[in-house]
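As structure tokens, the structure follows; a few thoughts come after it.
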Amino acid sequence: MPDCLFCSIVAGDVPGVRVLETDDLVGFLDTRPVFKGHTLLVPREHVVTLPDLPDRLRDPFLAAGQRLAAAMVEGLGAQGSFVAMNNTVSQSVPHLHLHVVPRTKGDGLRGFFWPRTKYADGEAEQYADRLREALAGLSA
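First residue of the sequence shown? That's 197 in my numbering, and the numbers climb one at a time after it.
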């Protein structure tokens with residue numbers, strides 16, 4: 197889809213710090229993370245909402261989301277994760293994406309107010325390296 201930001205990231209036309217790649221899915225760091233390490237998981241195929249996700253991608257999508265949630269703990273030292281997706285309403289990019297956000301007790305995240313932060317120069321790649329290393333240690 198030519199006008200879709202996430203399709204452009206998947207295609208490599210727009211830069212993205214990738215954390216996970218399979219034949220069907222790409223996980224990359226959110227450029228405006230709630231907390232550093234906040235990853236977006238998207239299907240390579242342009243799919244707008246969860247109800248549009250083809251059956252053949254449902255299990256691989258959820259399995260990759262599980263692996264990313266585990267990688268937040270293993271790779272970043274988080275105590276857990278927040279996993280969410282919007283369908284149409286509050287969906288800033290009309291391409292299905294799962295937010296996987298590292299969490300620690302007392303981190304200040306409350307309800308659905310998502311404050312955003314920024315990475316310092318070179319910091320995003322360091323977080324991505326840590327997540328990729330943790331993912332490599334988890335079974336596929």
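Note that the Cβ used here is the ideal one computed from N, Cα and C, for glycine as well.
Going by the beta-carbon positions, is the gap between Ala266 and Leu237 smaller than 8 Å?
-> In the sequence shown, counting from the first residue as 1, residue 266 sits at position 70. In the sequence shown, counting from the first residue as 1, residue 237 sits at position 41. No. Outside cutoff.
Three or more beta-carbon pairs under 8 Å between the segment 219-226 and the segment 238-252, yes or no?
-> yes
Relative to the alpha-carbon of Asp226, which residue among Leu253, Arg254, Thr313 and Glu270 has its alpha-carbon at the smallest distance?
-> Residue numbering aside, residue 226 sits at position 30 when the sequence shown is read from its first letter. Per the Cα distances, Thr313.
Any chance the segment 201-208 sits against the segment 285-292, with 3 or more Cβ pairs inside 8 Å?
-> yes
Of all the alpha helix (DSSP H) runs that stay within the bounds of the segment 243-295, which reach a length of 4 or more residues?
-> 251-272
Using only alpha-carbon positions, find the residue among Met281, Gly276 and Val296 that is nearest to Leu249.
-> Against the sequence shown, residue 249 aligns to sequence position 53. Cα-wise, what sits closest to Leu249 is Met281.
Inspect the beta-carbon positions of Val215 and Arg328 and report whether they are closer than 8 Å.
-> Position 19 of the sequence shown, counted from the first residue, corresponds to residue 215. Position 132 of the sequence shown, counted from the first residue, corresponds to residue 328. Contact flag set, yes.
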